[in-house]
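Sequential numbering from 1 applies to the sequence shown in UniProt numbering. The beta carbon of each residue, even a glycine, is placed where N, CA and C say it ideally should be. Quick caveat, the model's predicted, so the values are computed rather than measured.
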Amino acid sequence: MDASRDSSSSSDRCSYHAFLSFRGQDTRKGFTDHLYKAMEQAGIHTFRDENEIERGENIESELDKAIQESQVSIIVFSKDYASSRWCLDELLKIVKRKKDDRRHVVLPVFYDVDPSDVRKQSGSFAEAFARHKERFSTEMDKVEQWRRALGDVASLAGMVLGDRYEGQFIQDIVEEVRKNVDPPALDVAHFTVGMDNRVRRLNMWLQDESNDVGVAVICGMGGIGKSTIAKAAYNHNCGRFQGSSFLADIRESSEQPSGFLGLQRKLLSDIQKGKAKKVYDKDEGTSRIKQAVGYKKVLIVLDDVSDRDQLKAILGMREWLHPGSKIIVTTRHEHLLNAHEVFEKFVVRELDEDESLELFSWHAFRQSHPEEGYMELSRHVVQHCGGLPLALEVLGSSLSGKSVEVWQSALQKLDVIPNDKIQKVLRISFDSLPDDHDKNLFLHIASFFTGKKMDYTSTMLDSLKFCTRIGIENLVDRCLVKIQSNRLVMHQLVRDMAMEVIRKESPDDPGKRSRVLQKDASNILGKLSGTENIKGLMLNLASKRTFVGCHKKRCHDEDYDGNCSRQRRLSFFAWKPFSFSSTNSASASNETDFEAEAFRRMHNLELLMLNNVNVRGSYEEFPKSLICLSWRGFHLKSVPENFYLENLVVLDMRKSSLQHVWNGIRSLPRLKILDLSHSHGLRTTSDFSGLPSLERLILEHCINLVEVDESVGFLEKLLVLNLQGCENLMKLPKLRSIQDLILSGCSKLVFGANTTATTDHLPKSWYSIWSWVSLRKNIESSSFSFASLPHSLTSLRLNCCNLSEIPSALTMLPSLEYLDLTNNLITSLPESMNNLVKLLTLEVESCGYLTMLPELPHSLKQLNGRGCTSLKRITNLPNLHISPATPPPPFYGDSRDSHCSRVNNVILPSDLWYCGKLVNVHSLFRTLTLSSFDIKLLKDIDLFDLKPNGGIEVQRNNYCASRRSKGTYECAIYSIFLHESKIPDRFNYRSMGNTVFSIIIPSQPNIKIVGVNACVLYARQSDRRRQYFPSIQLRNETKGLRWGFLSAAQVEWKVMNEDMLWLTHWIMGNNELECGDEVCFKIKEQQYDPMANPLDYDDLLAKEIGVQFVYEQQNKDKEDVPSSSEDRTIQRERLPRNMRGDGTISWMPPRSCGNESMSTVVCYVCQYHINHEVIDLENDSRMTP
């Protein structure tokens, strides 16, 4: 009775599902580690001893406790298991636990050892016991107990590795353990490669101990592993809650009769431990759920939710849940919850290439890597799968055990017909689209616009009468499309699914499909088999002359795929633009010609995209329904008169052989975009007066274009004229309504006296004049003047123009917001720059001769002066939008409760990097000789016996003012680095080797504390060359004040065995420090080494800290100030808060003290910078105390 009762209570208080016993030296980092992770992923909470050192005479009590509180004991017998006394003692405890409680399960695992060797103590076990017999000759009873225990356990039904793969062996063990633990965990994928990283953040969220009701949304495309991640997190955390429920496949269940009722019943049954009453209608179920979840902290997972109504029907309102409850929702809809709702969003990304190969190998070969002879084939499959776990699992399993020939055949089939199981999962998102409009939009994007820029795609699709913007939002929401770098990208398997939807429209006759691509398009045109079903056709015969590949020749324009890459490339990008040089592509041949008659029956063709395709015959055969025509590499010298174009909205003939566009005047009343870029034979444009709707005329890099027809000047709707790279252009008409004018590289264009007239009517121009060489070569013949630029100009680009000066007329542009003067020969800017009252951005990057920037307008938000190697002085930096280049140390991030802070000093922006001669930024910093510095401050710090700084080099941050220097004055804190080996005697408060140091300020009559000197002695423990950012945190514990100081100086230590002394002087405000206050100092080093391991940051040792207080007499009577050995201090008159040097700088950064709010500016700057290369302390008359 008693034994039964004790056993029952022991079982009831089990803390672990399983206890793992093993010989650490044999299996800790291999088999046992993999087994432990697999059990944890399966929700089997497992104890393993993490302590790798020997534990001493007896097994630790916590191990004994863990054995008692586990439902299952797993004993991994390896060859040297019996060599360890500690393992054998552990075994005795397990055997005793089994005898005391027959419900306790013992599972022996024989890893590379024969069970009979364990049972009979033969083989390696015999050798081990021979040693034990000698060592424990006086404890033979214990040795015999070990023998009996081994025999007893080895006689139990166990798991033998044999010749099985370890991966499968581990899964078998997990399944066996799962049968014996309670409650049963959810089934997670057999192989969980990459799962740890993907579950970690979700586990942290579930374990945050918040009292708020938390909602997390796990979103991603079908087959990406959302449910697997949710199951793993649920298994790992459900025991932390008073109730839990995992509702799987909600989308599918909700479509069944009484589906919602079934889900409600399961939720109630799970939360109430099977005690729930039956539910007969949805409203009753909602009411009961409200009661059930309101009184206990619960974890609920709603898997595969497709709309908000499902959430409401199953769970009701979020407010019903008990504080601390958590809800996890998995969905393909990124915007399932409203933007105003508070929730955590977890977007599941594809596996990377290494993870993909490992996961595929586990399914195909039952090991972590491909077998010999299968590596290249495996990589091909991995590339095809694009990091999608479902695809890797399905294809790996289907190819497992097959010959190389079968693999090759299967891969060829995949390029034609995708795997059906994968397609069914992916098609769910397509079928969930709300209407045919979005489905057709998706098929159009998949067929023609993957990889294209958003504005280009929108224009094309809008002209085809799609509601493009809202439609794309719906596709993004369902993870069918992504927008990356302003381009539409689609996972390759999603695109394969779209192609399969189109193929099934007419499996045997491509000519009857709605969209025809590449090889099918080539066959249709060659066989004249097109039909009226075709709405879009694309054929790309890659040009051998131009497209060699991205690595050999830069693409000057946007190709069909948006890049020059291959469709399936080894450099792994799961979501990528589609390239048409694939196994399905038509043969790349420039000699292939097609008959115009091939288009005759395509009466509904609206979108035609051809690349390097030659068509012979009468162009009257082309359908009159065409709306968008992209014919790059058009082979004729002009567009035929009988080519019907009247319905076109977009005409793209880049890289054409055109010499003139057409003869006479063509009426294209709907045309909005005409792109003739890179048409090198074009010498003059035609009369465009018949294009009244034209908005964009793009003639970029038409290198032989001499003249733009006068008719262009009368196009009232023309907004953009791009003439970049038209190096022979000599004549430009008067432009009336243009907004964006790009004249980059128009080196022969002559600007005459009527320059102003040509741009009078510019309402909002964007000039890009990157190489206006006429300013240099035709300076006498050209009357171009900056004064001729319109007042409406908002953006002006003059980069790479070889300009040696900028006239003041440039500053008379009241609307100018963006000015780019990059890479010019200018030495200065006009003093009237501040007249540009709307200027937001100024670019002067790589102006190597620029020495000074004048006063800049207060509107300026961004200044890019990177690489201005001669820049010495910046008059001001008003209202800059600065993003810090180097973050402060971690303990500075928690200063929300500070009343005072000096962490609002920041680094100059990265856009001013590599200005090596910069010594003066008005109101921010100035480099001075020490002799010109404030003499009173020098007295306070006692800097009259400085020594050379040896192997310590201090640079100001951001590579500005790169020179050997030691002192900085930042935010009322003076800081200097010295080559010293001990702290000066005057620092009477000291702490050896501690990074946290507390002091209670002693009482002193008639004095006021106006400063603190803090000194840190550093020793270096590594010979690795690194840069350090020393930092100090000072806290007044009595008043609840805190100051943080991260030095803006980078300290680079060049000599291994030298010590460094860092001395800081803090100017304190009224009553910030008073006698009796407890003051705490904390030292930390923020190190910068891009190659270093983040954990390898312990090579700078703070050997000693010294502190000294600076007093001021209240009554100005210095002689009455007490001084004692217990409190050696510095006495001084009050220093002016605004320190002056050379009479040119009188500025102190704003400080936030008392109840004032903290500044939100984040910048590390130096107000003063002391250059010790020019110090002569002994001969400087001002250095005399």
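Around Arg366, the same chain offers Tyr165, Gly167 and Gln168 as residues with beta carbons nearer than 6 Å, after the five sequence neighbours per side are excluded. When the alpha-carbon of Ile1083 is set against those of Leu1034, Arg119, Phe77 and Lys734, the nearest one is in Leu1034. For Cys219, the beta-bridge partners assigned by DSSP are Thr331 and Val347.
Between Leu539 and Ser514, the CB-CB gap reaches or exceeds 7 Å. The Cβ atoms of Gly387 and Leu351 lie closer than 7 Å to each other. Residue environment: Tyr974 is assigned as buried (16 or more neighbouring CB atoms within 10 Å of its CB, all protein chains considered). Arg427 places its beta carbon less than 7 Å from that of Met497. Boundaries of the beta strand (DSSP E) around Trp1062: Met1060 to Ile1067.
Given a length threshold of 4 residues, each whole run of the alpha helix (DSSP H) inside the segment 458-503 is given here in chain order: 468-477 and 492-503.
Cβ contact annotation for Asp455 (same chain, cutoff 8 Å, sequence separation greater than five): Asn486, in chain order.
In this structure, Thr450 lies away from Met499, with their beta-carbon atoms at least 7 Å apart. Contact annotation, Glu695 with Lys672: C-beta distance approximately 5 Å; criterion of less than 8 Å satisfied. Burial check for Asn799: the Cβ neighbour count within 10 Å reaches 16 or more, so the residue is buried. Judged by their CB atoms, Ser356 and Leu392 are nearer to each other than the 7 Å cut-off. Taking C-beta atoms under 8 Å as the contact rule, Gly633 and Leu658 fail to qualify, at a distance of about 11 Å. The beta carbon of Ser870 sits closer than 7 Å to those of Gly848, Tyr849, Leu850, Thr851 and Lys917, all from its chain and outside the five residues before and after it, given in chain order. A distance below 7 Å between beta-carbons, with the five flanking residues on each side excluded, links Phe643 to the following residues of its chain, in chain order: Tyr619 and Phe622. Note on geometry: alpha-carbon atoms of Trp1043 and Met1068 lie some 10 Å from one another. In the DSSP assignment, Thr27 falls within the unbroken alpha helix (DSSP H) covering Gly24 to Thr27. Take the alpha-carbon of Gly1076 and the one of Lys982: they are about 29 Å apart.
A direct Cα-Cα distance of roughly 41 Å separates Tyr1018 from Leu202. Annotation: the continuous alpha helix (DSSP H) that includes Tyr234 extends over Lys226 to Asn237.
Counted as a single uninterrupted DSSP element, the stretch harbouring His45 is not any alpha helix (DSSP H), since DSSP gives it neither H nor E.
Check the Cα spacing between Val213 and each of Arg200, Ile271, Glu176 and Glu344: the tightest is with Glu344.
Asn1006 counts as exposed, since fewer than 16 other C-beta atoms from the protein chains shown sit within 10 angstroms of its C-beta.
If you draw a 10 Å sphere on the C-beta of Leu825, you find fewer than 16 other C-beta atoms in it, and that means exposed. Using a Cβ-Cβ distance cut-off of 8 Å, the segment 831-847 and the segment 803-818 are in contact, since at least three pairs of beta carbons, one from each stretch, lie closer than that value. With a cut-off of 8 Å on Cβ pairs, the segment 253-270 is not in contact with the segment 421-441, counting fewer than three such pairs.
DSSP, reduced to helix, strand and coil, places Lys637 outside both helices and strands of the structure shown, so it counts as coil. Within the segment 787-831, the runs of beta strand (DSSP E) that reach at least 3 residues and sit entirely inside it are, in chain order, 795-797 and 818-820. For Ile75 and Lys65, the gap between their C-alpha atoms comes out near 17 Å. Residue range Tyr16 to Ser21 is occupied by the beta strand (DSSP E) that includes Ala18. Distance from the Cα of Leu735 is smallest, within the candidate group Val516, Leu699, Val712 and Thr684, for Val712. Contact between Ser693 and Arg670 holds, since their C-beta atoms are separated by about 6 Å, short of 8 Å.
Looking only at Trp362, Glu319 and Ile300, the smallest Cα-Cα distance to Gly294 is reached by Glu319.
Scanning Glu606, Gly745 and Gly194 for the CA closest to the CA of Met730 turns up Gly745.
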